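By full-length UniProt numbering, the letter at position 135 of the sequence shown is numbered 135, and the numbering carries on one by one without gaps.
Every residue gets a Cβ at the ideal spot worked out from N, C-alpha and C, and that includes glycine.
None of these values were measured; they are calculated from a predicted model.
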Amino acid sequence: MTRPKSSPNSLAWLWLIVGAAVLTQTSINLLRPVTSYKLLSMGFGETAIGLATAVYALLPLFMAMPFGRLTSKVGSLRGLMTAGGVLIGLGGAILALAGQAWLIMVGSAVLGVGHLMFTIAGQSMISRRSLAHQMDAAFGWFTAAFSVGQMTGPLLSGLLLGNVSLAVAQSSGAGLGQSITLALWIGAAAAVLSAPVLFVLRPLPDPTTSQLRQVPPAGAEKPTMLSIVRRPGVASNMLASLALLAILDILIAFLPLVGEAAGVSPLAVGVLLALRGAASVVSRIFLPMLVRRYRRSHLVLVSLFVSALAIAMVPFTLQLEGAFWAAGVLISLGGLTLGLGQPLSMTLISQAVPYAWRSPALALRLMTNRVGQVVLPVAAGVVAGPWGPGGGVWFACAMLAVSGTERLINHRTGPNDENRDADSN
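Rendered as structure tokens:
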């Protein structure tokens with residue numbers, strides 16, 4: 001295969017990363033809701049689904065910082081991104097073959113490690129290759145690819161599982177076992193397809209220079225977890241990122257439960273999750289224009305508060321006869337605002353630390369996200385016990401509101417937010 005030629009200013013590398021991200025995120029966002037349906041078909045409920053969601057983040061919680069330091073030392077990140085995609089495919093295969101709950105937990109853990117590898121390597125490549133004025137757009141396109149996967153994955157899962165609820169399918173004696181297994185294999189295959197896409201990714205025009213820029217000068221402060229968090233605005237942006245990612249995880253795991261309780265089919269749940277992803281794609285495409293007009297801190301606040309309010313209403317509307325369209329409107333509004341927070345938090349954290357700290361800082365951001373992904377789904381599962389499946393979604397929305405309130409109280413916006421025009425020149 002011939003690799004495309006590129007000049008130092010070419011963005012061919014970005015579009016290849018975006019293409020690979022679409023494949024891996026389509027895989028993950030197909031596999032995870034189908035995993036919930038597989039657990040339901042095996043007789044498990046909210047607690048097991050919350051546990052599977054937490055296990056997905058458990059190993060990455062301990063691997064994020066060491067892996068971030070590794071990415072800051074290697075010259076080419078293509079191999080690490082490729083390995084991440086292959087691991088996601090392996091996790092999907094384990095889920096497809098699993099006949100017991102503990103194997104589903106193993107598959108979820110492998111899936112989480114693959115996602116971590118792909119995401120940290122991709123974020124580090126963007127922070128390493130992008131000029132200052134390109135960074136919002138580059139992170140926006142990268143996370144837009146994630147949103148495309150969050151749109152296509154659930155939609156594919158819904159189409160594969162059909163327009164009949166699991167309870168109805170089981171009462172008829174047919175069940176959804178074969179459809180669930182087929183969907184899991186398709187998800188695994190989509191992730192593996194990212195490998196040939198990344199194979200054509202060229203190295204940096206001058207990798208030696210790039211590596212030297214990643215090495216701090218002698219005597220410089222080292223990027224420890226404490227030194228990174230102490231940088232102005234970093235902790236606040238990490239809390240926002242944690243809350244924003246947690247609601248995506250809880251939605252994809254618990255919305256099938258909410259839908260099943262309301263008699264809504266897997267196809268309808270898939271459509272709702274796809275609408276959320278599609279809306280985030282739209283907001284991320286327009287992110288560079290929004291950043292030129294509005295302060296990043298204000299956009300993050302909008303992301304936190306509006307998405308919390310809109311998504312909290314979705315479980316209520318699904319219970320109402322003929323109000324599915326209202327659930328679609330609300331989750332789309334939530335998706336529009338959710339799409340802003342993640343790329344902006346990446347930019348704010350990247351620009352709040354020295355250049356050589358960017359990979360460890362983004363890795364720490366992912367590690368804190370994984371803390372949330374371990375703790376919050378389990379807590380959501382506990383809340384969903386007395387409050388029903390909707391309680392897990394409301395819990396995640398409350399976390400968004402807490403993060404937004406913290407930003408208002410402490411006025412922590414980060415040092416570069418005031419100079420958004422300066423770093424675009």
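Beta-carbon proximity of residue i to residue j, cut-off 8 Å
i: M135; j: M367; result: no
i: S280; j: Q150; result: yes
i: P389; j: V269; result: no
i: Y56; j: G99; result: no
i: G91; j: L245; result: no
i: V148; j: G19; result: no
i: I120; j: A363; result: yes
i: R284; j: T143; result: yes
i: G392; j: F305; result: no
i: I250; j: L400; result: no
i: V282; j: L340; result: no
i: S345; j: S241; result: yes
i: Q319; j: F146; result: no
i: W13; j: R129; result: yes
i: E260; j: L70; result: no
i: R276; j: G187; result: no
i: T317; j: A326; result: yes
i: W185; j: A96; result: yes
i: L61; j: R365; result: no
i: V271; j: L155; result: yes
i: S157; j: P315; result: no
i: N29; j: I331; result: no
Rounded separation between residue i and residue j - CA only
i: I94; j: F324; result: 34 Å
i: V378; j: I126; result: 32 Å
i: A183; j: L31; result: 7 Å
i: P386; j: W394; result: 13 Å
i: L239; j: S303; result: 13 Å
i: G84; j: G322; result: 42 Å
i: G89; j: I409; result: 43 Å
i: A190; j: Q123; result: 21 Å
i: V86; j: T181; result: 19 Å
i: T47; j: A54; result: 10 Å
i: Y37; j: L161; result: 9 Å
i: S403; j: L11; result: 34 Å
i: H298; j: A398; result: 19 Å
i: R231; j: P343; result: 19 Å
i: P354; j: F139; result: 18 Å
i: M117; j: F67; result: 8 Å
i: V106; j: I349; result: 32 Å
i: G263; j: S307; result: 25 Å
i: V234; j: A352; result: 7 Å
i: L23; j: A278; result: 15 Å
i: V383; j: V300; result: 27 Å
i: L287; j: A137; result: 7 Å
i: A52; j: P266; result: 19 Å
i: T224; j: S359; result: 12 Å
i: residue 438; j: L338; result: In this structure the chain extends from 1 to 425, so residue 438 is not present and cannot be described.
i: L273; j: G45; result: 20 Å
i: P205; j: T35; result: Here the model assigns P205 a pLDDT of 46, short of 50, so the residue's position is not dependable and the matter cannot be decided.
i: R407; j: A243; result: 13 Å
Reduced DSSP category for residue i - H, G, I as helix; E, B as strand; rest coil
i: D417; result: Its pLDDT being 48, under 50, D417 is placed unreliably in this model, and the value from its coordinates should be taken loosely. In the structure shown, D417 sits in a helix (DSSP, three-state: H, G or I).
i: V353; result: coil
i: G187; result: helix
i: S157; result: helix
i: A262; result: coil
i: G162; result: coil
i: residue 426; result: Because the chain in this structure spans residues 1 to 425, residue 426 falls outside the shown range and cannot be described.
i: F118; result: helix
i: L251; result: helix
i: M105; result: helix
i: K38; result: helix
i: R78; result: helix
i: residue 430; result: Only positions 1 to 425 of the chain appear in the structure, and residue 430 is not among them; the question remains open.
i: A83; result: helix
i: G233; result: coil
i: S130; result: coil
i: Q100; result: coil
i: T224; result: coil
i: G43; result: coil
i: L257; result: helix
Closer than 7 Å: residue i CB and nearest the ligand COA heavy atom
i: G79; result: As for the ligand COA, it is missing from this structure, which has no ligand bound.
**Report entry** Contiguous alpha helix (DSSP H) assignments of at least 4 residues, all confined to the segment 298-331
**Finding:** 314-318
Query raised in the report: Curious, which full-length alpha helix (DSSP H) runs of at least 4 residues does the segment 364-414 contain?
Result: 390-410
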